[in-house]
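Chains A and B, in that order, are what the protein sequence lines are.
Just add 53 to wherever you are in the first sequence, counting from 1, and you've got this note's numbering.
Just add 9 to wherever you are in the second sequence, counting from 1, and you've got this note's numbering.
Ideal Cβ placement from N, Cα and C applies to all residues, glycine included.
To start, the structure under review is shown below, and the notes come after it.
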Amino acid sequence: MTLAELFAQSLPICVVVTLVMVALEEDEPRPYLKHAARYFATLYGGIIAFALALYAIDHAFA
Amino acid sequence: MPGDVGAVRPEPIGSWSTSPWRSATLPRVEPKRLARRLPAILLAGWVMPGLSHALIGQRRKGLYIGLLLVGTFVAGLALGDFRCVSWERHPLTFVGQTGMGGLFLVGWGLAAHLPTPPTPARLESLGLLYSAVAALLNWLVVIDVYERVARMNLPPAPAPKAASKP
Numbered sequence: 054m055t056l057a058e059l060f061a062q063s064l065p066i067c068v069v070v071t072l073v074m075v076a077l078e079e080d081e082p083r084p085y086l087k088h089a090a091r092y093f094a095t096l097y098g099g100i101i102a103f104a105l106a107l108y109a110i111d112h113a114f115a
Numbered sequence: 010m011p012g013d014v015g016a017v018r019p020e021p022i023g024s025w026s027t028s029p030w031r032s033a034t035l036p037r038v039e040p041k042r043l044a045r046r047l048p049a050i051l052l053a054g055w056v057m058p059g060l061s062h063a064l065i066g067q068r069r070k071g072l073y074i075g076l077l078l079v080g081t082f083v084a085g086l087a088l089g090d091f092r093c094v095s096w097e098r099h100p101l102t103f104v105g106q107t108g109m110g111g112l113f114l115v116g117w118g119l120a121a122h123l124p125t126p127p128t129p130a131r132l133e134s135l136g137l138l139y140s141a142v143a144a145l146l147n148w149l150v151v152i153d154v155y156e157r158v159a160r161m162n163l164p165p166a167p168a169p170k171a172a173s174k175p
């Protein structure tokens, strides 16, 4: 699996996880979008950072 | 009363009485009655995602969560050619998929009755991921309902004491 495939395939699942988790945490619509944006950025950013780190390690020791 | 001006009545966290997620047409259910029916409510939430939220008065939130989780689980099943709920082929994912209740049983039945192809579906791993994540999220949804009902039944917080003068 290439990095691009990984990022493309994990994007929808990150969106779903974000929407469900933020809906469980928030009861008001006002902070919802801000919270969701922060949650998504952390989740997806974390996946990208982890994948890039593994990729770099893999290439360094290849 | 003059003494009550500016006084804020403490509302429990996640209170649905003021929540826009709650359907305005739904009558308020007594928290104690909800607590008595909690096992049935949690079971309903396991069988059908979002139903437990609807049963405690948060119909919109239940519908929202239900659509998201059912959509994701069905998309996962479709990506795996409706054969990805299988104890023999994917035991670990199977354990995760149990969280989806009714749809999990449907997926299991489909996988058992459909003929096994010589090669797995091209996107089967993605289907496994989608279905397992949706099912695991449903466990969290059920736990959230348990927590909400427990919070509704908490005794009201005592009023803060006025600072004693020296």
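- Query: What in chain A is Cβ-close to residue 125/B, meaning under 8 Å?
  - Reply: The premise fails here: residue 125/B is roughly 24 Å from chain A at the closest Cβ pair, so nothing lies under 8 Å.
- Task: Taking the CB atoms as reference points, tell me whether residue 95/B and residue 120/B lie closer together than 9 Å.
- Result: yes
- Message: I'd like to check one pair, residue 81/B with residue 69/A: are the Cβ atoms closer than 9 Å?
- Response: yes
- Item | Uninterrupted alpha helix (DSSP H) stretches inside the region 56–108 of chain B (no shorter than 4 residues) | 60–64, 68–88, 100–106
- Task: Hey, could you find the ends of the alpha helix (DSSP H) residue 162/B is sitting in?
- Result: Segment: none, residue 162/B is in no alpha helix (DSSP H) and carries neither H nor E.
- With 9 Å as the threshold, decide whether the Cβ of residue 94/B is near any Cβ in chain A. no
- Query: What is the C-beta distance between residue 41/B and residue 162/B, in whole angstroms, given that I count them as a contact (C-beta under 8 Å)?
  - Reply: 7 Å
- Residues in the region 137–169 of chain B having any Cβ partner in chain A nearer than 8 Å: 138, 139, 142, 143, 146, 149, 150, 153
- Item | For residue 56/A, the nearest candidate out of 104/A, 87/A, 81/A (CA to CA) | 104/A
- Name the chain B residues whose beta carbon is nearer than 9 Å to that of residue 89/A? Within chain B, no residue comes near residue 89/A; the closest Cβ sits about 13 Å away, beyond 9 Å.
- Query: Does any CB atom of chain A fall closer than 9 Å to the CB of residue 47/B?
  - Reply: no
- Task: Would you identify the three-state DSSP class for residue 54/A, choosing helix, strand or coil?
- Result: coil
- Query: Looking at residue 156/B and residue 90/B, is the spacing between their C-beta atoms short of 9 Å?
  - Reply: no
- Can residue 107/B and residue 137/B be called in contact, C-beta distance under 9 Å? no
- Three-state secondary structure (DSSP) of residue 139/B: helix
- Message: Suppose you measure from the CA of residue 108/A to the CA of residue 48/B; what does that come to, to the nearest Å?
- Response: 47 Å
- Message: Please tell me whether residue 64/A has its Cβ less than 9 Å away from any Cβ of chain B.
- Response: no
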